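Novice: Structure in structure tokens, see below.
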Amino acid sequence: MSHSSINLQFIVQPGGSLHGSVRVPGDKSISHRSIMLGALAEGTTHVSGFLQGEDCLCTLNAFRSMGVEIEGPSDDGNVTIHGVGLHGLQAPTHDLDMGNSGTSMRLMSGLMSGQAFDIKMTGDASLSKRPMKRVTVPLARMGANIEATATGTPPLLVHGGSKLHGIHYDMPMASAQVKSSLLLAGLYAEGETSVTEPAPTRDHTERMLRGFGYEVKTEGNRISLQGGGKLTATDIDVPSDISSAAFFMVGASIAQGSDLTIEHVGMNPTRTGVIDILRLMGANLDVLNKREVGGEPVADIRVRAVQLKGIQIPESLVPLAIDEFPALFIAAAFAEGQTVLIGAEELRVKESDRIQVMADGLMACGVDAQPTPDGIIINPGNFTGGTIDSHGDHRIAMSFAMAALCAQAPITINDCANVNTSFPGFVALAAKAGVRITAI
Ligand code: S3P
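Here the sequence shown stands for residues 13 to 452, numbered as in the numbering used here.
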């Protein structure tokens, strides 16, 4: 099934404010990893709060196709995985469809390199354009045998039966997907696999491996593990995704009179850049009821509207807010004064070219937004409204839905079906909180 072929449209009337409490769906990164490690563990893993978005379901279906018995997800996000051990997967009878999900394809490139059988991984139109050399090149150095297209894009054919050996890899870009892919291949490699990262990236793989009883060392910016161990089943409680919460943080910050609480949000310090950036812009965010859930920090976030101001976004926060920039650009469009982002060229290779697609959308709404090779300059002005092409990118669609809260005219957003990759139920939840949104 091609998700992006269904042209779902959001029509959002201007005005409104956000009130009450919302709980956004489970964390996408943690949900993917719970299936991967649960499947390869010895014993039965119970997951609660699993994100039933299409991306994570691609990962789940891939492991089912490789003989792993997985019960659920139930309506409330419970999944039971009967682990087969690191060497218990079976050859699938068909190609693995990774849909829109870069996380599935990149992390599984590493895992699949260590299997005894061949697999082919395919993706939708967006994933088929995304760079895979960032994983295939270092994995080849470990002894993996992976074929991509001539330009290094999917489909990927991973040949089984390779004998992997540990390497040290100095990552050229701050990418949790590259780090995770190599660490997962490292489970199957002889000796030590280590990576250094140029800036901190999300550490869910390291945390979860430890939760499954696997030793992972973190020494400064160097992360390492030894191959040849085993994973022991555990229970995982997935917090709400801060990346999904970000749309509501921005909406409640910009829409006058808003007072919204977002519950049970994952607060892993490698993910909270959006809170730091919004606070630098003057946002009124209270982090309440901090607690630890299954090895990950969680809190409720109360957001009250306030006039934001434009800022120069600190480059050090870029990897810690990498998925939240579409929403942050909307915040910047309603701030007082210019916002400048640099050092964020990675945004050009996400589900869409998020620098260009956001700049085009902002300009369609009357805002002066100048894309630069590695960022954007936003000069707020009259935000009229207009028609946006989301390019099938879930985060672009949801960001412009929030912009309507403060726009002068309706916003129509095209190509929104992929919102289901990360945030099933977005329209209903946004409407409940106060966004005047309908989907047709
Ligand atoms: C992810 C890492 C990030 C992020 C993506 C999920 C992960 O990608 O953009 O949505 O789960 O590891 P990069 O590692 O390529 O920056």
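A virtual CB, placed ideally from N, CA and C, is assigned to each residue, including glycine. Note that the structure is predicted; figures quoted are calculated from it, not measured.
Skipping 5 residues on each side, what residues in its chain have a beta carbon closer than 6 Å to that of Arg-360?
Specialist: So the qualifying residues of the chain are Ile-367.
Novice: What residue does the beta strand (DSSP E) around Gln-189 start on, and which one ends it?
Specialist: Counting along the chain, Gln-189 falls outside any beta strand (DSSP E), though it belongs to the alpha helix (DSSP H) covering 188-198.
Novice: Out of Ile-423, Cys-418, Cys-70 and Asp-67, state which residue places its alpha-carbon closest to the alpha-carbon of Gly-269.
Specialist: Of Ile-423, Cys-418, Cys-70 and Asp-67, the residue nearest in Cα terms is Cys-418.
Novice: Here's the rule I'm using: 16 or more other beta-carbon atoms within 10 Å means buried, otherwise exposed. How should Gln-127 be labelled?
Specialist: Counting Cβ neighbours within 10 Å, Gln-127 comes out buried, since at least 16 surround it.
Novice: What is the DSSP secondary structure of Asn-301, reduced to helix, strand or coil?
Specialist: Strand, per DSSP.
Novice: Do the segment 269-284 and the segment 308-318 make contact, defined as three or more Cβ pairs closer than 8 Å?
Specialist: Taking 8 Å as the limit for Cβ pairs, the verdict is that the segment 308-318 does touch the segment 269-284.
Novice: Alpha carbons only, please: which of Ala-197, Asp-67 and Glu-308 is nearest the one belonging to His-406?
Specialist: Nearest C-alpha to His-406: Asp-67.
Novice: Going by other Cβ atoms of all chains shown within 10 Å of its Cβ, with 16 needed for buried, is Thr-161 buried or exposed?
Specialist: Burial call: exposed.
Novice: For the alpha helix (DSSP H) holding Met-48, just list the boundary residues, first then last.
Specialist: Element bounds for Met-48: 40-52.
Novice: Exposed or buried, what is Ile-452 when buried is set at 16 or more other beta-carbons lying within 10 Å of its beta-carbon?
Specialist: Ile-452 is exposed by the Cβ-count criterion.
Novice: Taking all protein chains shown into account, do 16 or more other C-beta atoms lie within 10 angstroms of the C-beta of Asn-112, making it buried, or fewer, making it exposed?
Specialist: With 16 or more other Cβ atoms within 10 Å, it is buried.
Novice: Which of helix, strand or coil does DSSP assign to Gln-56?
Specialist: Looking at the sequence provided, one finds Thr at residue 56 rather than Gln. Correct three-state label for Thr-56: strand.
Novice: Residues bridged to Glu-159 by DSSP?
Specialist: Partner(s): Leu-169.
Novice: For Ala-267, report the span of its beta strand (DSSP E) as first-last.
Specialist: From DSSP, Ala-267 is part of no beta strand (DSSP E); its letter is neither H nor E.
Novice: For Glu-83, does the three-state DSSP call read helix, strand or coil?
Specialist: Residue state, collapsed to three classes: strand.
Novice: Shortest alpha-carbon distance to Ser-138 belongs to which of Ala-429, Ser-411, Phe-412 and Gly-404?
Specialist: Checked all of Ala-429, Ser-411, Phe-412 and Gly-404; the closest Cα to Ser-138 is Gly-404.
Novice: Would Ala-333 be called buried (16 or more neighbouring beta carbons within 10 Å of its own) or exposed?
Specialist: Its Cβ being crowded by 16 or more others within 10 Å, Ala-333 is buried.
Novice: Can you name the start and end residues of the alpha helix (DSSP H) that Glu-309 belongs to?
Specialist: The identity of residue 309 in the sequence shown is Pro, whereas the question assumes Glu. Looking at the DSSP string, Pro-309 is not in any alpha helix (DSSP H); the run it does join, the beta strand (DSSP E), is 308-316.
Novice: For Thr-115, is the beta carbon positioned less than 6 Å from some heavy atom of the ligand S3P?
Specialist: Checking every heavy atom of the ligand S3P against the Cβ of Thr-115, one is found closer than 6 Å.
Novice: Is there a Cβ of chain C sitting closer than 7 Å to that of Met-144, yes or no?
Specialist: In summary, chain C is missing from the structure at hand, where a single protein chain is found.
Novice: Lys-302: buried (16+ other C-beta within 10 angstroms of its C-beta) or exposed?
Specialist: It counts as exposed.
Novice: Ordered along the chain, which non-local residues of its own chain (more than five positions away) have a Cβ less than 8 Å from that of Ser-14?
Specialist: Only weak support is given to the placement of Ser-14: the predicted model assigns it a pLDDT of 40, under 50, and the value that follows is read from those uncertain coordinates. Excluding positions up to five away in sequence, the list reads Asp-136 and Ala-137.
Novice: Quick check: what's the CA-CA separation for Leu-151 versus Arg-45?
Specialist: If you take the alpha carbons of Leu-151 and Arg-45, they lie about 19 Å apart.
Novice: Let me confirm a value: Asp-88 is counted as buried when at least 16 other C-beta atoms fall within 10 Å, else exposed. Which label applies?
Specialist: Classification of Asp-88: exposed, given that the 10 Å Cβ count is below 16.
Novice: When you compare only the Cα positions, how much space is there between Thr-92 and His-58?
Specialist: If you take the alpha carbons of Thr-92 and His-58, they lie about 5 Å apart.
Novice: Quick check: is any heavy atom of the ligand S3P less than 6 Å from the C-beta of Gln-350?
Specialist: No, Cβ of Gln-350 sits at least 6 Å from all heavy atoms of the ligand S3P.
Novice: Nearest CA to the CA of Ala-440: which residue from Arg-448, Ser-434 and Ile-42?
Specialist: With distances taken between Cα atoms, Ala-440 lies closest to Arg-448.
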